[in-house]
Structures are given as structure tokens and as C-alpha cells.
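The structure under discussion appears below in the form of C-alpha cells.
This is the structure in C-alpha cells:
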């Protein structure tokens, strides 16, 4: 029963890791995912140390210890989930409140515990059944891979608390299976029955309910008088919560002019993962009730479109609850293609609240497309008069810097180029962003658009751009052609009538900037003008925020952080300067430091103090080998996760599919490694150099080929893309599954006492590699991280490949 138990434990562990990413995205923010990976691996490394120190006592009690560790994995999975959400950690205070770092460390250690016990099961099997190394590694990776895929399907039908109970039950089944042959099965059986009863009680209670950060938009909204939740939907894409407020109505109209004479209609607020608020407008087809949509900054392109409007074709990317679609209908668009990623959002608007919102998505002029924006654009052959990219994030999330690590492929140079390529002659691309001071988003967006135009061969991009701003939004227009005199006058008139400020249009006098929504300087006009000047490169380098154009190689549009500015900003923290730091970037940096410290204390220090029972010369070489493997494997894995986010449309999909692919096929590679080693041994040579050479060749081939593959196939259905992703990953992962068991097999014959040490050292390297890889990717790009991983593999082969 050992191998099936290992499969169940590994499946539950990886599924819990992905579930934890999902939970932290809801109760905190998305970038905590990388912290989860690090803390999971810290548990794996620490378990190796514990086994190394206690192997003499553990070996004769293997079955009982394995069953007990599996039971503790099940218990701590639930308890740490509950306790971790009660730690008073506030990520918004990380920059100026040192105590938050202690809370972050406490969360780190709490969430580590379940992975410690899960890894202890596998590590015990490696150490006490070393003759089965390849088979154990195979079942470990197959279980983990299947768990990664299964949890995505599970989250479509169960909310996170229910999914947690099911995963805890899986670990309990593994404990029962492993303990069946234990001499202490009677005592274990009593504990297992007690925990099964406790799980059943927890499943029907509110103790596992999610506890969202009080600083998220949903938490704050529910504190208002008479606000109540009227609908919930949950999936791996987002937890959607619909809120109604009878006494204090919502007036959500981003970019609405102060000079307007119109008010928004009744609205229902929709929150995605507790933030990114959008609204469902009450509408029964009458134009007057939605007239406010003509007085927002995003209405500017409709003033420039050719008449009659009944000929205009509009593409709305990120349609959400339908406000941008409603705006197109209000302005008389002939047809609207509305693209939305989340089917549950469409279901809320089209079905659940159809009586409230009226014929938005049911309108004969509206064609609703379920899918990701880049994918839809890539597969579409249509040309549009207007491509509109609206506000896809909340002002609170944007302004607080929480999105600094969000991989966003909608705002890269390549993405802008694709949107421009789908415009008819004279067509417009319109992008609206929240207004932030000092300017960041707006200047980075402008720089990105300029880079995309130059890449398309446009020699005078300044003749095609126009930018206006209100008090809280900025809208940028790009024309497929040069703006003519009539269009420039329409821009001026639109802005003047609604008290919007013109930021830039061709030939605009500087004195026209900063008239209505006044700042101490015309920061936005000066920035856009500088980016269009010959000194643009120098301006971007010297600017205190990172406003260089993001690319698909480095898709971090929301990362504005510069290390050289940090001391200056922190020196001003008592005067509000800390609010200017993109704190989302600092969390993985803090995670890296804490992971290194915790790993050194929990893994390396105990190992260093333990007695060494192996031949001289083995420890240093083998330890370095497994350390380099831990870094290299995770570097490659995380690069692939980042790259496949574009192809698979969502970070959680990418994490699940890439982890599943690497783990399953690495497991198969592990299973084949024993036969390969035997064959190579008969010839008197090590198979390792050949395996590493194959890894390098395949990885380099992928680095060159994947952008072209994604560009041509991104429009495929999700099922086809998942299958294709697994097939693409398979050859590389198969080879990457070999170096670890090859090293363990070599140790089992020469220094079996070092096996738990190898497990711990490899785990320590994996701990720091997760956060380190993402920081390196932000600074230098995915290709640099991949090349570094290959160099680490080569170094490992040189150390142990003789």
C-alpha cells in the first residue's frame, strides 16, 4: 500500500499548494502565490533534515511514522489554513511597519507545516526503502501532477473551504492505507476516526470561511449601511461577489466629468476576489438612463468615429459586467464584439440579473465571446472602427501597488501591436487607465504605444496620439493614420465641454494643459511630450519610476519599482513617502530573505551539526549537486509558468498545467532513469552529461519557438491549449526528471546515509529559487533566468557526471 499512499499524499500536497494560492489571492493578493511555492518547498527541505537527524529511530518504525505523518498532514492542512488567516498581517504596511515582517514570517512558518509532514512521508520512503527510489519518485511525481490538474476542476464545483476538506480527506485515506500494516494501527485508528469526525463537523460549520483583508474593496463596501451580498460565484478564475446597497446607492462611473448633468442609474457592485469592482447597471433599453456614459473620458473615441454611427464596429476587450458594451450601444455602434474571460460573469449579467440589467448581452447588436482578449484578437480576422480596452482593475488595487508582480499580457508592446493591427483605416484604439500621481501607468502606457507604433514602421507616432484626463482617469487614443484638423477640434471641444484636460494631441500648445483638474505642474503633458521627443530613452532612464515598455518577455506593466529610489522614498516615509513604493514588489524580496534565513536555520544548520557517516569527499560534491538541481529545476519550471500564462489566459491555469506537466512527465523520466543508468553503466559511462545536454537543447529550442507557437495557436479552445501545453512540456520534463533519481541511485550504493541530506539540501535550494526566479525575471527577463538554469544544470553535471 506504500506506493498508492505516496500518490495520494503527493496529489493532496500539490492540490493544497494551488488551493492556497487561490485562497491568498482572495484574502490577500495574487502575488502571494510565489510565497506559497517557497514555503511549500521549505517544508520539503526541513523534512529532509528531520529525517537525516532521526533516521536511526525512524527506520524500524517506518510504517507507523509514515501513517502518523500523513495524518498530521491532513490535520495541519486544515488548522494552518484557519490560523494563517487570523494572523494580523497587513501587506499594505510592509514598507513602514517592521512588525508586519514578523507577521509575514509567522504566516510563512504556519503554512510550511502541512508541507513538512507531506514531504516527510516521501522522504521517509526514500530513506527507508532506498531500493525503490525510482518507483517512489515516479509515484510521487505522478500523484503531484494529477493533483495539480484535478484541483482546477475541483474549484469549478467546490468553494475553497469545501475543497480543503476533500484534500484533507485524501491525506487521511493515505494515512489509513499506510497504517494498515503498522504494529500500532489500533492507536492510529482511533486518532484517524476522531479526525474523520472532526472533518465532517468542520465541513458543515463556518470555521473554514475565508477571512478577507479589511483593506480590500469588498470588505470596505460591506461596512456601509444596508450593503448586503446577493450572489456569489466561485471558480479558479475568480470569486465573484455581487453586492446590493439600498440606502447608499453605488455611483460607480470612472472618469465621469464634474460638469455632467447626468447620474448613473441604479447599480449592483461586482467584486472579483474581493477587489476589481465593476457594476451591473439597471437598464431597460432607454438611452436617457445611461446618458452619463457620454460624459466619461472613455467616451472620447465615439466623438471621432465616422458618421453615421450605425456603421461602426466596436471591439470591447474585458467586457466584464457590461459598462463598456453599454457605452458602445449608447453611442449607436452598429455591432459590438464583447470579449470576457470569466463565464460566471457572463452568467450573472445574462441570466441571474437579466431583469435588472436588461438587454445588454442579449442585444441583437452585441456578440458575446467567451475567451481571453489576446487569444480572441489573435484568431480574429475582423477589422474594427474602435478597439476599446477599459479599466480591468480597481482603483484601490492599482493605487496601492498590489499589482506590481501581476503578469499582464494585455499591455505589452506585442499586445498593443496586435490591437493596432485589427483597426480599419482611420480606426481608433482607446485605452483608459486610472490616474496616479506622480504619473506612472499613463506614461508607461504611452511609452508602450509609441514602441508598438515604431515596431509597426510608423515614423511619426506623435501624429497619431491624443490623451485626455479627468480627475481620476486618463484615456489614450491611437489612430490608424494621422489625426486630421477636424478630429483635433473634436478632441478640444469634447474636453472643453466636460472640463477634461487635454494632455496631448498633435500641435497642442503647452498652455492648454492643466486647466480644469489642476496639479502643481502639468506632469502628464510634460511626460508624454518627453516620451515623444528624441530624448525619450534618457527620460525613461532618469525617471524615478520604471516606465519602460513591457514586453511578452517581461510582461510586468504594473511594476514601477526602482531600487535606486528606495532609500530616498523610505527617508520620506513619515511624510507619506512610503505610499510611493510599489510594495507588491517588496513582498517576494522579503520572502526570499525570510526563506533563506528559515531554510538556513531549519535545514542547513541542523545538517551541519549532525554527525557525518559517509566516505570522505562525498558530502561536498553531492550536496552541491543537489543544491544546483534544486535551483535549476524550479528556475525552468517558473519560467514556463510565466510564459504559459499568456497561452493559457490565467495564472492559476498556468500554474496547474505547467506543474502537472513537469511533475507527471518528470515522474516518467524518473521511472526510465534506472534503466538508462544500467545501460550506461554497462558501457562504463555516466548518463548524466547526455541528459543535461538534452535538457539544454530542448530548453533553448523552446525559448526560440514558443513565442511563434503561442502567437499562432493562442486562439484555440481551452481544452486544446491545455493538451498542447502538456505535449510541449513533456519532452523537456521527461529529461528533467532524471538527474535527481540518478544522483539518489548513486548515493544509495556509495553513501545511503546522505540521502535525507540530499533531500534537505535540494529542498533548501528550491525554497530560495521560487522567489529568486521571479525577481530575476522582472529585472532581466525570462530568457536570462532560463539560461542561468541551464548553466546550473551544466555545473551539476560537471560535479557528479564522472
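Residue numbers (our numbering): 4 to 805.
Virtual Cβ for every residue (Gly too), placed ideally from N, Cα, C.
- Message: If I measure Cβ to Cβ from residue 106 and keep anything under 7 Å in the same chain, skipping five residues before and after, which residues do I get?
- Response: Once the five neighbours on either side are set aside, the close Cβ partners of residue 106 are 90, 91 and 92.
- Message: Can you find the residues in the same chain that come closer than 6 Å, C-beta to C-beta, to residue 373, ignoring five residues on each side of it along the sequence?
- Response: Cβ neighbours of residue 373 beyond the five flanking positions: 346.
- Coarse secondary structure for residue 566, derived from DSSP in three states: In the three-state reduction of the DSSP assignment, residue 566 falls in the helix class, which pools H, G and I.
- Pairing CB atoms from the region 51-63 with CB atoms from the region 190-197, are three or more of them under 8 Å? In short, these stretches do not touch, since the Cβ pair count stays below three.
- Task: For residue 787, name the three-state secondary structure that DSSP assigns.
- Result: Under the three-state reduction of DSSP, residue 787 is assigned to helix.
- Message: Measuring alpha carbon to alpha carbon, tell me which residue in 206, 20, 762 and 234 is nearest residue 351.
- Response: For residue 351, the nearest C-alpha among the options comes from 234.
- Item | Closest by C-alpha distance to residue 354, when choosing among 269, 299 and 283 | Looking at the Cα atoms, 283 is the closest of the given residues.
- Message: Closer than 8 Å is the cut-off here; do at least three beta carbon pairs connect the region 257-266 with the region 466-476?
- Response: These segments touch.
- Endpoints, beta strand (DSSP E) assigned at residue 528: Unbroken run through residue 528 is the alpha helix (DSSP H), 526-534; no beta strand (DSSP E).
- Query: How would you label residue 366, buried or exposed, when you count the other beta carbons within 10 angstroms and need 16 or more for buried?
  - Reply: So residue 366 counts as buried.
- Residues near residue 162 by beta carbon distance below 7 Å, same chain, minus five either side: Taken in chain order, the residues that qualify are 237.
- Roughly how many angstroms separate the alpha carbons of residue 277 and residue 348, rounded to a whole number? Distance between the alpha carbons of residue 277 and residue 348: 14 Å.
- Message: Taking 9 Å as the threshold (C-beta atoms), are residue 256 and residue 299 in contact?
- Response: With a cutoff of 9 Å on beta-carbon distance, residue 299 and residue 256 are scored as near each other.
- Item | Secondary structure of residue 219, DSSP reduced to three states | Residue 219 falls in the coil class under three-state DSSP.
- Message: Out of 218, 247 and 222, which one is the CA nearest neighbour of residue 232?
- Response: Of the listed residues, the one whose Cα sits closest to residue 232 is 247.
- Query: Relative to the alpha-carbon of residue 375, which residue among 330, 425, 561 and 412 has its alpha-carbon at the smallest distance?
  - Reply: Per the Cα distances, 412.
- Query: Taking just the CA atoms, how far does residue 79 sit from residue 774?
  - Reply: Computed Cα separation, rounded: 24 Å.
- Query: Applying the criterion that 16 or more other CB atoms from any shown protein chain within 10 Å of the CB defines a buried residue, is residue 492 buried or exposed?
  - Reply: Classification for residue 492: exposed.
- Where residue 428 falls: helix, strand or coil (DSSP): Secondary structure at residue 428: strand, using DSSP grouped into helix, strand and coil.
- Residue(s) in a DSSP beta bridge with residue 471: Bridge partners of residue 471: 478 and 505.
- Message: So, with DSSP's three-state summary, where would you put residue 92?
- Response: Residue state for residue 92 is assigned as coil, using DSSP reduced to three classes.
- Starting from the Cα of residue 770, find the closest Cα among 740, 741 and 596 and give me that residue. Considering only alpha carbons, the answer is 596.
- Item | Span of the alpha helix (DSSP H), counted from its first residue to its last, around residue 234 | Not the alpha helix (DSSP H): residue 234 falls in the beta strand (DSSP E), residues 230-237.
- Message: Does residue 319 pass the burial test, meaning 16 or more other C-beta atoms within 10 Å, or should it be called exposed?
- Response: It is buried - the Cβ of residue 319 has at least 16 other Cβ atoms within 10 Å.
- Proximity below 9 Å, CB of residue 676 to CB of residue 633: It is not a contact, given that the beta carbons lie outside the stated cut-off.
- List the whole-angstrom C-beta distance separating residue 600 from residue 772, where the pair is believed to meet the contact cut-off of C-beta under 8 Å. Under the criterion of beta carbons closer than 8 Å, residue 600 and residue 772 do not qualify as touching, at roughly 15 Å.
- Message: Excluding the 5 residues flanking residue 87 on each side, which residues of the same chain have their C-beta closer than 7 Å to its C-beta?
- Response: The residues are 110, 113 and 114.
- Message: Using 9 Å as the threshold, is the C-beta distance between residue 729 and residue 660 below it?
- Response: If you check the CB distance, residue 729 and residue 660 come in under 9 Å.
- Message: Give me the DSSP bridge partner(s) of residue 316.
- Response: 338, per the DSSP bridge assignment.
- Item | Opposing strand residues paired with residue 183 [DSSP bridges] | For residue 183, which the question treats as bridged, DSSP gives no partner whatsoever.
- Task: Note down the Cα distance separating residue 482 from residue 166, rounded to an integer number of angstroms.
- Result: Each residue's alpha carbon lies about 48 Å from the other.
- Is any heavy atom in the ligand GTP found nearer than 8 Å to the beta carbon of residue 662? By its list of ligands, the structure shown contains no ligand whatsoever, and the ligand GTP lies outside what it can speak to.
- Of the listed residues 545, 643 and 500, nearest to residue 410 (C-alpha basis): It is 643 whose Cα lies nearest to the Cα of residue 410.
- Using a threshold of 9 Å, state whether the C-beta atoms of residue 12 and residue 155 are closer than that. No, these two residues do not count as a Cβ contact at 9 Å.
- Message: Quick test of your reading: residue 486 and residue 463, contact by CB under 8 Å. State the CB separation rounded to the nearest angstrom.
- Response: No, residue 486 and residue 463 are not in contact; Cβ-Cβ is about 11 Å, not under 8 Å.
- Just mark residue 315 as buried or exposed, buried being the case when its beta carbon has 16 or more other beta carbons within 10 Å. Its Cβ being crowded by 16 or more others within 10 Å, residue 315 is buried.
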